[in-house]
Amino acid sequence: MTVRPATARDAAALAEVAGATFALACPPSTPRAAIDDFIATALSESAFAGHLADPDRALLVAESTPGEPFDGYAMLVFGEPADPDVGGAIRIRPAVELSKIYVREHGHGRGTAAELLARALEEGRRRGAAGMWLGTNQENERAQRFYAKHAFERVGLKRFRLGDRYEDDFVFERPL
Numbered sequence: 151m152t153v154r155p156a157t158a159r160d161a162a163a164l165a166e167v168a169g170a171t172f173a174l175a176c177p178p179s180t181p182r183a184a185i186d187d188f189i190a191t192a193l194s195e196s197a198f199a200g201h202l203a204d205p206d207r208a209l210l211v212a213e214s215t216p217g218e219p220f221d222g223y224a225m226l227v228f229g230e231p232a233d234p235d236v237g238g239a240i241r242i243r244p245a246v247e248l249s250k251i252y253v254r255e256h257g258h259g260r261g262t263a264a265e266l267l268a269r270a271l272e273e274g275r276r277r278g279a280a281g282m283w284l285g286t287n288q289e290n291e292r293a294q295r296f297y298a299k300h301a302f303e304r305v306g307l308k309r310f311r312l313g314d315r316y317e318d319d320f321v322f323e324r325p326l
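Going from the sequence shown to our numbering is simple: count from 1 and add 150.
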């Protein structure tokens, strides 16, 4: 497996892997219509094209075979958090957000997420961040175990709008 920076050519492939993985992190009670709407808007090819063009973002892709669908991806967002709950919870500045890190189901438990995270941590340090933070759903125990294993500490709470309702997330942080 190789982890590399995503390029503008990867927007469609990123949208495809995002569409295949986003629901894996949602609580079972999340309405399918809300998941599908989020995928169609926030995780579309045009959304990823915009992310790839944004100098305050970095996207990484994990691929086993070049030219084949990606195994997973990660997205970093540099700068001060826009969410006041997050801004009040994190303690390490400057910070980078690990906005997304998703791996296809067949890659779970195989080190793909760990390698994406390691490269994301490197990129955060390279671009001058002192800490990394993320939000993950309070019901996503698998993700919480993963982040705890990788030295993230739960430091607060935030809300995430999905469809017509809010999901409750834990905020995690770690030094770089």
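We put the CB at the ideal spot given by N, CA and C, even for glycine.
Remember, predicted model here, so these are calculated numbers, not experimental data.
Item to complete: Report the residue from A280, L267, D233 and F310 whose alpha carbon sits nearest the alpha carbon of A298.
Response: L267
Worksheet item: Apart from the five residues just before and just after F198, which ones in its own chain have a Cβ nearer than 7 Å to its Cβ?
Response: A161, L164 and A165
Practice prompt. Determine the contact status of W283 and E317, defining contact as a CB-CB distance below 8 Å.
Written response: no
Discussion item. Whether or not the region 228-238 and the region 271-289 are in contact is what I'm after, with contact meaning three or more pairs of Cβ atoms, one per stretch, closer than 8 Å; do they touch?
Written reply: yes
Worksheet entry | Residue closest to T171, alpha-carbon to alpha-carbon, out of R182, E255 and P325 | E255
Worksheet item: Nearest-angstrom Cα distance between R260 and L210?
Response: 17 Å
Practice prompt. Mark A301 as exposed unless 16 or more other C-beta atoms lie within 10 angstroms of its C-beta, in which case mark it buried.
Written response: exposed
Worksheet item: Between E213 and D204, is the Cβ-Cβ spacing less than 8 Å?
Response: no
Worksheet item: CB Q285 to CB D314, shorter than 8 Å?
Response: Note on residue identity: the sequence assigns Gly, not Gln, to residue 285. Cβ distance not < 8 Å, so G285 and D314 don't count as in contact.
Worksheet item: Taking R309 as the reference, which of P244, E273, H258 and P234 has the closest Cα?
Response: P234
Practice prompt. Decide if G200 is buried, meaning its Cβ has at least 16 other Cβ atoms within 10 Å, or exposed.
Written response: exposed
Worksheet item: Do E323 and E303 have their C-beta atoms within less than 8 Å of each other?
Response: yes
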